[in-house]
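Which chain is which? The protein sequence lines are A and B, in order.
With this note's numbering, letter number 70 in the first sequence gets 70, and the count goes up by one each step, no holes.
Each position in the second sequence, counted from 1, maps to that position plus 113 in this note's numbering.
Remarks on the structure that follows.
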Amino acid sequence: EAQVTQNPRYLITVTGKKLTVTCSQNMNHEYMSWYRQDPGLGLRQIYYSMNVEVTDKGDVPEGYKVSRKEKRNFPLILESPSPNQTSLYFCASSSTGVRQPQHFGDGTRLSIL
Amino acid sequence: GESVGLHLPTLSVQEGDNSIINCAYSNSASDYFIWYKQESGKGPQFIIDIRSNMDKRQGQRVTVLLNKTVKHLSLQIAATQPGDSAVYFCAEVNQAGTALIFGKGTTLSVSS
C-alpha cells in the first residue's frame with residue numbers, strides 16, 4: 001500500500017530535549033516536505049526536499065533541521081525544542097514537486113512543556 | 114503576500130444535498146490549485162486538482178471550478194454523504210513553486 005509513515009504519532013517532551021520525527025514513503029517520490037498545522041494559521045511549510053541531498057527552507061524553518069540522505073526518508077529534527085513548537089506536524093511527498101497531489105502522513109502531535 | 118482563504122468556516126447540509134465550498138485566492142499568477150479533505154486524526158487527503166488552463170474539472174461526485182477573473186475556486190460535492198463530513202482545504206502553489214499555500218479550511222457537517 002502506498003503510504004507516508006510518520007513516527008511517533010504523539011509525543012510529550014520538555015524544552016531543550018532533542019527529538020526527531022521520522023518520515024518514510026514507499027512510493028519512490030523525489031519531493032518531500034514538512035508542514036505544521038496550528039489553529040487559525042492552517043498548514044505552513046517548514047522545509048522541503050526536491051531530491052536526495054537537496055533540502056531548502058519553507059515559510060517557518062526556525063528551530064528545525066532536516067536531512068535527506070535516502071530518497072525514502074526525510075526526518076524532522078528539533079535540536080532544542082521550545083513550547084512554541086507545540087503543534088501538529090505532517091510529512092508529505094509527491095513524485096516530482098508541488099504541482100502534483102501531495103500524499104500526506106497521518107501526522108505527529110508534539111507537545112513541548 | 115500570498116494567501117488562500119475560504120468564505121465560510123462551516124457548512125451544514127443534509128444527506129443527499131449538493132454541497133458547494135468556496136475559496137478565494139490572492140495570487141493571480143497561481144497555475145495550480147488543489148482541494149484536500151481532512152478527517153479527524155488523519156492527514157489531508159487529495160480530492161481533486163486543477164491547472165490554470167482549465168475552468169472546470171470533474172471527478173467522482175466532485176467538481177472543481179476555477180474563475181481566474183475573480184480569483185475564485187469552488188468545490189462541488191454531489192449527493193453529499195455522512196462520510197463526506199470533514200474539513201476541506203483549498204491550496205495554491207506559491208510563487209516560488211516550492212510549497213502549497215493552504216486556506217484555513219471549511220468544516221462540512223452532513224446530517225442524515
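Even glycine gets a Cβ: it sits at the ideal position worked out from N, Cα and C.
The beta carbon of Arg-68 of chain A does not come within 8 Å of any beta carbon belonging to chain B, so the residue lies off that interface. Across the set A:Pro-75, A:Asn-26, A:Val-60, the C-alpha of A:Pro-75 shows the shortest separation from the C-alpha of Lys-18 of chain A.
Glu-205 of chain B has B:Phe-146, B:Ile-214 as its beta-bridge partners, per DSSP. Boundaries of the beta strand (DSSP E) harbouring Gly-42 of chain A: 42-51, taken from the DSSP string. Cβ proximity to chain B below 9 Å picks out Phe-90, Cys-91, Ala-92, Gly-97, Val-98, Arg-99, Gln-100, Pro-101, Gln-102 from the stretch 77-102 of chain A.
One alpha carbon belongs to Gly-40 of chain A, the other to Lys-217 of chain B, and they sit about 7 Å apart. Annotation: Gly-63 of chain A to Leu-78 of chain A spans about 6 Å, alpha carbon to alpha carbon.
Restricting attention to A:Thr-5, A:Thr-20, A:Lys-69, A:Gly-58, the CA atom closest to the CA of Asn-51 of chain A is found in A:Lys-69.
Taking C-alpha positions only, Ala-191 of chain B is separated from Ser-49 of chain A by approximately 37 Å.
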